[in-house]
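Asker:
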Amino acid sequence: MTETMSVSKKVMVPADAGKAFDVFVTRMGSWWPKSHSILQNEVQDVVVELTPQGRWYEHDGLGNEADWGFVKSFERGDHLLLCWQLTADWARDEALDTEVYVTFESKGDMTEVTLTHRLLENYGARAAEMKEKFESPNAWADMMRGFADRFDALAA
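If you count by UniProt numbering, then the sequence shown holds residues 1 to 156, one letter each, in order.
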């Protein structure tokens, strides 16, 4: 049996789960670190097309786009499941299936947002390397911290 590998990060934001979901999805380009791009230029926006099989991609404002994956499923205020198809060399491979699963859980007047990047074993021989990269402070932890730190301004 193959060992399952994942990385999880959590943050709390001051809103109900529906609002937290909306800001996470529709304002992703505003909280995503500009330097985290697979294009030659900084990210101008990150787009999640909120439809089944909708694109998840970045663009740099110069007409260049790069797909990262697609939407597998979602329910506003509950979860967002994205297919992440970036290889260990940061190129898209449509055959690669790792998942970014984001949940939104109300806790009083706050929402706990948990991002889990799972199925990392699908990186094969580079799975441990990728798990270490995704666990680093400059990966998902940085993204989630950016989301939480900018939440109030983005939710206004």
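Where a beta carbon is used, it is the ideal one built from N, C-alpha and C, also for glycine.
At a cut-off of 7 Å, is residue 44 close to the ligand FMN when judged by its beta-carbon and the heavy atoms of the ligand?
Answerer: The model on display carries no ligand, and the ligand FMN is accordingly not part of it.
Asker: Using only CA atoms, which one of 4, 22, 12 and 11 lies nearest to residue 156?
Answerer: For the purposes of this step, residue 156 is taken as residue 156 along the sequence shown, with counting starting at 1. Ranking 4, 22, 12 and 11 by Cα distance to residue 156 puts 22 first.
Asker: Using alpha carbons as the reference points, say which of 74, 78, 67 and 76 lies closest to residue 84.
Answerer: Counting from 1 along the sequence shown, the entry for residue 84 is found at position 84. If we check each option's Cα against that of residue 84, 67 comes out closest.
Asker: Where do the N-terminal and C-terminal ends of the beta strand (DSSP E) with residue 81 fall, by residue?
Answerer: By 1-based counting over the sequence shown, the position of residue 81 is 81. First-last of the beta strand (DSSP E) with residue 81: 79-84.
Asker: What is the rounded straight-line gap between the Cα of residue 126 and the Cα of residue 94?
Answerer: Along the sequence shown, one-based indexing puts residue 126 at 126. Along the sequence shown, one-based indexing puts residue 94 at 94. Looking at the two C-alpha atoms, the distance is approximately 17 Å.
Asker: Within 10 angstroms of the Cβ of residue 26, are there 16 or more other Cβ atoms? Answer buried if so, exposed if not.
Answerer: Start at 1 with the first residue of the sequence shown, and residue 26 comes out as number 26. By the 10 Å Cβ count, residue 26 comes out exposed.
Asker: Can you tell which of 77, 58, 11 and 69 has the C-alpha that lies nearest to the C-alpha of residue 17?
Answerer: Translated into the one-based positions of the sequence shown, residue 17 becomes position 17. Nearest C-alpha to residue 17: 77.
Asker: Check residue 120 in the structure and name its three-state DSSP category.
Answerer: Here residue 120 refers to the residue found at position 120 of the sequence shown. Reduced to three states, the DSSP call for residue 120 is helix.
Asker: Taking the CB atoms as reference points, tell me whether residue 118 and residue 99 lie closer together than 8 Å.
Answerer: Stepping through the sequence shown from its first residue, residue 118 is reached at position 118. Stepping through the sequence shown from its first residue, residue 99 is reached at position 99. Result yes, Cβ atoms of residue 118 and residue 99 sit closer than 8 Å.
Asker: Tell me the rounded alpha-carbon separation between residue 154 and residue 30.
Answerer: Numbered from 1 along the sequence shown, position 154 holds the residue referred to as residue 154. Numbered from 1 along the sequence shown, position 30 holds the residue referred to as residue 30. If you take the alpha carbons of residue 154 and residue 30, they lie about 8 Å apart.
Asker: Can you tell me which of 7, 15, 3 and 9 puts its alpha carbon nearest to the alpha carbon of residue 107?
Answerer: In the sequence shown, counting from the first residue as 1, residue 107 sits at position 107. When each option's Cα is compared against that of residue 107, the closest is 15.
Asker: Between residue 10 and chain D, is there a C-beta pair that is closer than 8 Å?
Answerer: Looking at the structure shown, chain D is missing, and only one protein chain is on hand.
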